[in-house]
Amino acid sequence: MTPAAPLWTPSPERVAGTTLRRFMDFLGERAGRRFADYADIHAFSIAEREAFWSALWDFCGVIGEKGERILVDDRMPGAKFFPDARLNFAENLLRRNDGSEAMVFAGEDGSSLRLTWAELNALVSRLQQWLAAQGVGVGDRVAAMMPNRPETIAAMLATASLGATWSSCSPDFGVQGVIDRFGQIEPKVFIAIDGYFYAGKRLDLTDKVRDVVARLPSLAAVLVVPYVGIADEVAASVGDKATALPALTAEYAAKPVTYERLPFNHPLCILFSSGTTGVPKCIVHGAGGTLLQHLKEHRLQCDVRAGDRFFYFTTCGWMMWNWLASGLASDATLILFDGSPFHPEPSVLFDLAERERITLFGTSAKYIDACKKAGLAPARTHDLSSVRLITSTGSPLAPESFDYVYEAIKQDVHLASISGGTDIVSCFVGGSPISPVYKGEIQAAGLGMAVEVWDEAGRPISSGKGELVCTRAFPCMPVMFWNDPGGKKYHAAYFERFDGIWCHGDFAEWTEHGGIIIHGRSDATLNPGGVRIGTAEIYAQVERIPEVVEALAIGQEWDNDVRVILFVRLREGAVLDEALQDRIRREVRSGASPRHVPARIVQVADIPRTKSGKITELAVRDVVHGREVKNKEALANPEALDLYRDLPELKK
């Protein structure tokens, strides 16, 4: 069998010009050796973690005191990286204060906003002064219900500069969804937008802001940011504790931002699990680990350089927003977008990429698949010559989507499928700008991340499918879960399966090239006949069929076994007749295996997904089995669950 040819291979000149190659030379000089390729430096980054992370700090010019010790108490959980360090996250992002662009915002409604580094510093200063006047200091929480706008990033930086802890969600969350998150962490200040635009609609948030504020008794102050032009009215509806941003900026004159330098693991932000099995877990991330990990991923894994124009399609309720914001630490200009990626035209994000000369174009696997199904071919309609890297995450990128990117978007581009999670606010596996890209594969484990695939018995395997684990401690492990005495929930989330080993909950497989394939979440893995099957393997085959817009697979308990049930949402006008069902089954059988073939195929009008756009197999599985879904507020479209209740097709 002829080995698969790579879809893209960086030229020797491109490899030589990467930041990763410069870092390999920098580290090699320190270590007295030469690193030949990615596998070589990755092996060193695991075997000599202290040398690796120390060199990364120095290479990236982290602002702060590093201290002498790099790692103590090397275990999981419990390891402490840079225990003597003192730094401030915001200080490392606000390195510049000049007239070049720091951020560019584009709204669905056609509005735009550009901030220079000097203007960003001035806004952060005013917000910092106002927050301090409300009594916000080290350890306090600031919560925001905001779209992906420059003011949101400025507010995060002002919060971090004071040593307070930031948390955010997007404005499409329902009131209960906001309270389920922020009610747990008792913020001192709440920041909200007055409204937003989506799919051609103007959405007024007056009632939602008022209701949320009424249910957060810990609040000392509320800040309302204008977008739809009613910030004063929204602030007035809340009462005396509320201020609109224009009044704040008029009251405080800009001055140099001050920074509270704190320990490496000082809480920077709180992210929330998006599951539907109960109230979201509050995952606390430290300033130092987040900063170092993002610097590594941006500069080394994504080759982000000074002056690059860095875009990710994300909301403030997804960890990719935090990842995007950190791009400032690499001296990149952030390109922010808020709204529907298909309104008013399906090409809106590619229009933005062309107009703003984006260099890193970040999106989701679902977006790429939707573009493919819509027949978009930006390689023929847009000038994307500036784009060096396309990243995809959120769910596994199907092999056919790799082909689509190179055929219809851009031929000479580094395509990096990346995967990690809210749990580490970063990636376990991702891109390598010095390595080839193979169809359907994530290129490599991240530097410093001791990723392995283990079988059911806890043994590492080099082929076949198993659990994605990390066997050595790393700096961006969560500091803790909020309100988790003794760390019981934290331990149960990652270390209960294999003692002292991080078990991430992904079903994965190594490839012959040293890459990795994610087959879906292991808690959603199907087990017909006792054989583990990843849902992504089914989706990759089914979503190749033009009539299928998207699909969701679960295992239904049936006749003392588990049978595969496939739900499909079809394009308008398509019908799930016997012919289409046969085609789906043939495609799955030939592209995956006979065990993957669904026992039942059911057409549905909608598929439930989380606020960050991920389909939620577990919630559907619970509904099908008559079990309660405990946290419907985690879903963007909870009403879709009713479509799966008491289906006659699943009773025979």
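Per the UniProt record's numbering, the sequence shown starts with residue 1, numbered consecutively. Beta carbons are placed, not taken as given, at the ideal position from N, Cα and C, and that holds for glycine.
Option in the options with minimal Cα separation from residue i
i, options, result
"G137", "T471, S168, Q176, P187", "P187"
"A16", "V279, I191, Q128, D303", "D303"
"K366", "S612, G448, R388, V228", "S612"
"residue 655", "G421, G446, P475, A508", "Since the first residue of the chain shown is 1 and the last is 652, residue 655 is not available in this structure."
"G446", "F52, V279, L7, N637", "F52"
"A444", "I424, G458, G420, G464", "G420"
"residue 694", "F264, Y539, P344, F361", "Residue 694 lies beyond the stretch modelled for the chain, which goes from 1 to 652, so this question has no answer here."
"A634", "T18, I518, D172", "D172"
"D646", "K614, V602, K630", "V602"
"Y312", "A332, A306, K296", "A332"
"Q176", "N631, Q556, R621", "N631"
"S273", "Y490, R388, E578", "Y490"
"T391", "A579, A416, I41, K373", "A416"
"Q128", "E617, A5, Y259, A242", "Y259"
"A254", "V213, E119, G317, G327", "E119"
Residue i and residue j closer than 8 Å at C-beta
i, j, result
"V142", "I191", "yes"
"R299", "S330", "yes"
"I516", "E467", "no"
"P478", "V189", "no"
"I434", "L7", "no"
"F105", "R149", "yes"
"F264", "L94", "no"
"N121", "N97", "yes"
"I358", "A379", "no"
"I554", "V624", "yes"
"Y252", "W130", "yes"
"M319", "L271", "yes"
"V368", "L397", "The identity of residue 368 in the sequence shown is Ile, whereas the question assumes Val. Taking 8 Å as the Cβ cut-off, I368 and L397 qualify as a contacting pair."
"E354", "D383", "yes"
"I179", "V225", "no"
"L324", "T315", "no"
"A287", "F89", "yes"
"R388", "V405", "no"
"V549", "R571", "yes"
"G529", "R595", "yes"
"Y198", "E101", "no"
Residue interval of the alpha helix (DSSP H) (run including residue i)
i, result
"F26", "19-31"
"R14", "12-16"
"L292", "287-295"
"I371", "A quick correction: the sequence has Cys, not Ile, at residue 371. That run of the alpha helix (DSSP H) goes 365-373."
"Q134", "Taken as a continuous stretch (DSSP letters only), Q134 belongs to no alpha helix (DSSP H), as it is neither H nor E."
"I538", "535-542"
"G458", "No alpha helix (DSSP H) contains G458, which DSSP labels as neither H nor E."
"P478", "No alpha helix (DSSP H) holds P478; DSSP gives it neither H nor E."
"A144", "Looking at the DSSP string, A144 is not in any alpha helix (DSSP H); the run it does join, the beta strand (DSSP E), is 141-145."
"F313", "Per DSSP, F313 belongs to no alpha helix (DSSP H) and is neither H nor E."
"S161", "150-161"
Exposed unless 16 or more other CB atoms sit within 10 angstroms - verdict on residue i
i, result
"D455", "exposed"
"L566", "buried"
"S11", "exposed"
"A221", "buried"
"M1", "Its pLDDT being 44, under 50, M1 is placed unreliably by the model, and nothing is read from it."
"E639", "exposed"
"H294", "buried"
"K652", "exposed"
"R309", "buried"
"V437", "buried"
"A524", "buried"
"K488", "exposed"
"S593", "exposed"
"R459", "exposed"
"R521", "buried"
"D140", "buried"
"Q411", "exposed"
Run of the beta strand (DSSP E) containing residue i, from where it starts to where it stops
i, result
"K465", "465-470"
"A508", "502-510"
"S45", "Looking at the DSSP string, S45 is not in any beta strand (DSSP E); the run it does join, the alpha helix (DSSP H), is 38-47."
"D211", "Here D211 belongs to no beta strand (DSSP E); instead the alpha helix (DSSP H) covers 206-214."
"A102", "101-107"
"S417", "414-417"
"A192", "189-193"
"V257", "Looking at the DSSP string, V257 is not in any beta strand (DSSP E), and its letter there is neither H nor E."
"S167", "165-169"
Cβ-heavy atom distance, residue i to the ligand PLP, below 7 Å
i, result
"P77", "With respect to small molecules bound, the structure shown includes none, and the ligand PLP cannot be examined in it."
### Query
Going along the chain, which unbroken runs of the beta strand (DSSP E) with 3 or more residues stay wholly within the UniProt domain "AMP-binding enzyme C-terminal" (542-614)?
Contiguous beta strand (DSSP E) elements confined to the UniProt domain "AMP-binding enzyme C-terminal" (542-614) occur at 548-558, 561-570, 600-603, taking only those with 3 or more residues.
### Query
Unbroken beta strand (DSSP E) runs of length 3 or more, entirely within the region 333-409: which are they?
DSSP runs (the beta strand (DSSP E)) wholly in the region 333-409: 333-338, 360-364, 389-393.
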